[in-house]
Amino acid sequence: MSLYAVQKFLYELNRSEAVQVTYRSAPDALLDEFDLTSEERDALTEPDIGKLFHLGVNGQILMHFAAFHQIEWQDYLQRMRDGIAKHGPVREGVYAMTTALDEEVAPVHSTSPSPASDTPGEN
Amino acid sequence: MPLVYAGVCSHAPGITGRSDQADPQVRDRFYDAFDAMRADLEAAKPDAVVVIAAEHFANFFMNNMPSFAIGMADSYEGPIEDPGWLGIEKQSVLGNRDLSQRFITEVMKGSDVSYAEEWKFDHGIMVPLHFLTPRYDTAIIPVNINCQGPPLTPLARAWAFGESIRAAADALPERIAVIGTGGISHWPATPDSGKINVEWDLDFMDRWCRNDRDALLDYDDLSVYADAGQGGFEIRTFIAVSAAAAGATGTVHFLEPIPIFAVSCTVASYALD
C-alpha cells in the first residue's frame, strides 16, 4: 500500500490539464507510472471516492478529484460517509472523520428544508 | 515604503461554488464585507498585493514541500479546479516578476524561503481575488505557508516570516498590501464539512485583533486539530499577517459561520499607521 503514490497521482492529475487528457484517454498507461496496489488502482479508476477517503487521501486532494469528475458536493460528502460505513475508519493521515456516521454535522444542505420550500423569501 | 494594507479573509471554495445554497441574507452580508474590503484595498493604492495563502497541493507536494514559498512571475494561472465547481472561470492573473524578485530578496534577509517562477492558483487564492481584485489586473505576489502536509510550519516561524514580509515591504519603494487567507476552525473536504467551532474562532480572532503574539502562538497542532480541525492549521496565514502588522490592532468586519461554505466566514483588517 502506498498512500503517497495515490496522492502523488491525484496531485499530478488535479493540477495539469494535459494529465487529465491522458487520464481520460489512456488511464492504464498513466497509472502504470505509479507504484499502486490493485486496491488503490481500482479506487482511482472507478473512481471510488469512499474508498479513497478510507485509504487516507488528503481531503483537499480528494475534493479536487471529485470536482474533476463532476461529483456534486452533497454527493461527494455522502460518498465519503458510505466509504467509511463500508470499509471502516480512515486508515491514516489527518483527514479523518470525527463525527458519527448517522450524525447530522450541520445544516450544510440548503437552508430550506426541502426543494419545495426553496423559493425567494425563504431563509 | 511602509505597508499600505493588512487584512485577512476566508477562501473556502463553497464561497463562490455553492453560493446558491447559503442563507442569502447571511451570504450577502458576507459578500458586502468582501466588497468593503476591496474598497479599502483599492483606497490603499497598492502596487502589489501579497497574498499569503495555505494552498491545497496545487504546486507543492510531499516530494518537495517548502515551509514558505513566494511566487516570482509576471503572470499566474488559475483556478486549477473545475471552473463550474468553483464558480470562477480560468484566468490569467497579473504578477510582477521584478518586484517579486526584489521582495523575495528582502524577505530572505530574515526568513528562509523557496521561490517559484511557476505557480497555479487554487481556491485559496482565486476565491479572495474574485472579490478583491476581480479584474485580476493588480499585481499579485503569491505566498504559501505549509498548512497541509505534516510536519507543518511552526507557528513561531510563521510569525517570524510575517515580520520578514513587513521588513521587505517597508524596504521597497512600491506600495505593498498583505492579505492572509484561510479558514479558522473547519473540517473541510471531509464528511464533517460544515462543522464549525464558533467559540474557538471568536477567541482566535480576539487574539488576532489584539495582535497578541504570545496568545497567537499559544497553540499546538494537536489541540488545533482537536478543537479546530485540520482546516484550523491555516491559522498560520493569519498569524503571519499579525506579525506583518507590527503591533497594529485589528477589527473584525465579518465573522459568522456559513456551514455550506464549511467555515466561519471572516473578513478582518488591521489599522496600520
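If you read the sequences in order, they're chains A and B.
Going by our numbering, the first residue of the first sequence is number -11, and it counts up by one from there.
Going by our numbering, the first residue of the second sequence is number 4, and it counts up by one from there.
Yeah, the Cβ is synthetic: ideal placement off N, Cα and C, and Gly gets one too.
Check, Outcome
"Looking at C-alpha atoms only, which residue of A/ALA17, A/LEU43, A/ALA55 is the closest neighbour of A/GLU28?", "A/LEU43"
"What is the rounded straight-line gap between the Cα of B/ALA265 and the Cα of B/GLY186?", "9 Å"
"Three-state secondary structure (DSSP) at B/GLN94?", "strand"
"Is it true that the region 194 to 201 of chain B meets the region 161 to 174 of chain B, where meeting means three or more beta-carbon pairs spaced less than 8 Å apart?", "no"
"Does any residue of chain A have a CB that is nearer than 8 Å to the CB of B/GLN94?", "no"
"Identify the continuous alpha helix (DSSP H) that holds A/GLU27 and give its terminal residues.", "26 to 33"
"Do B/PHE124 and B/ALA61 have their CB atoms nearer than 8 Å?", "yes"
"By the 10 Å Cβ neighbour count, where 16 or more other Cβ atoms means buried, how is A/THR33 classified, buried or exposed?", "exposed"
"Distance, Cα to Cα, A/SER(-10) vs A/ASP23?", "7 Å"
"With a cut-off of 8 Å on the beta carbons, I'd call B/ILE73 and B/VAL110 a contact; round off their distance for me.", "7 Å"
"Ends of the beta strand (DSSP E) at B/PHE71?", "71 to 74"
"Go to B/HIS256, then tell me how far its alpha helix (DSSP H) extends in each direction, as first and last residue.", "That residue, B/HIS256, is in no alpha helix (DSSP H); its beta strand (DSSP E) goes 253 to 261."
"Is DSSP giving B/THR156 helix, strand or coil here?", "coil"
"If you measure beta-carbon to beta-carbon, which residues of the region 111 to 137 of chain B are closer than 8 Å to chain A?", "LYS123, ASP125"
"Within the same chain, show all residues whose beta-carbon is closer than 8 Å to that of A/VAL7, passing over the 5 residues directly before and after it, in chain order.", "GLU0, LEU1, LEU18"
"Anyone know if the C-beta pair for B/ALA36 and B/VAL270 falls short of 8 Å?", "yes"
"For the region 212 to 276 of chain B, which segments carrying the alpha helix (DSSP H) assignment without a break, of at least 4 residues, lie completely within its bounds, in sequence order?", "216 to 219, 224 to 231, 238 to 247"
"Using a Cβ-Cβ cut-off of 8 Å (strictly less than) and excluding sequence neighbours within five positions of B/TYR222, which residues of its own chain qualify?", "LEU158, ILE238"
"Taking the alpha-carbon positions, what's the B/MET208 to B/ASN147 distance?", "21 Å"
"Can you pull the chain B neighbours of A/THR86, defined as C-beta to C-beta under 7 Å?", "TRP190, ASP195"
"Does B/LYS48 get closer than 8 Å to chain A when you measure Cβ to Cβ?", "no"
"To which residues of the same chain is B/SER117 closer than 6 Å at the C-beta, ignoring the five residues directly before and after it?", "PRO69, ALA72"
"What's the C-alpha gap between A/GLN48 and B/GLY234?", "10 Å"
"Give the residues of chain B in contact with A/ARG3, contact being defined as C-beta atoms less than 8 Å apart.", "PHE60, ALA61, ASN62, ILE83, LYS123"
"Rounding to the nearest angstrom, what Cα-Cα distance links B/ASP206 and B/LEU220 in this structure?", "13 Å"
"Taking A/VAL7 as the query, report the chain B residues whose CB atoms sit under 8 Å from its CB, ordered along the chain.", "The premise fails here: A/VAL7 is roughly 11 Å from chain B at the closest Cβ pair, so nothing lies under 8 Å."
"Please identify, using Cβ separations under 8 Å, the residues of the region 27 to 40 of chain A that lie next to chain B, in order along the chain.", "none"
"For B/LYS280, tell me which candidate among B/HIS59, B/LEU132, B/PHE257, B/ARG100 has the shortest Cα-Cα distance.", "Not covered by the structure: residue 280 of chain B. The range shown for chain B is 4 to 276."
"A/LYS(-4) touches chain B at which residues, Cβ-Cβ below 9 Å?", "PHE64, MET65, ASN66"
"Compare the C-alpha of B/SER114 against each of B/GLY87, B/ARG30, B/ARG169 and name the closest.", "B/ARG169"
"Hey, how far is the Cα of B/SER95 from the Cα of B/ALA76?", "12 Å"
"Quick check: A/PHE38 and A/GLY76, are their CB atoms within less than 8 Å of each other?", "What sits at residue 38 of chain A in the sequence shown is Gly, not Phe. No, they are not a contact pair."
"Mapping the DSSP letters down to three states, classify B/ALA119 as helix, strand or coil.", "strand"
"Going by beta-carbon coordinates alone, are B/LEU44 and B/LEU135 separated by less than 8 Å?", "yes"
"In the DSSP output, which residue or residues are listed as bridge partners for B/CYS12?", "B/THR184, B/VAL270"
"Hey, how far is the Cα of B/ALA47 from the Cα of A/SER4?", "36 Å"
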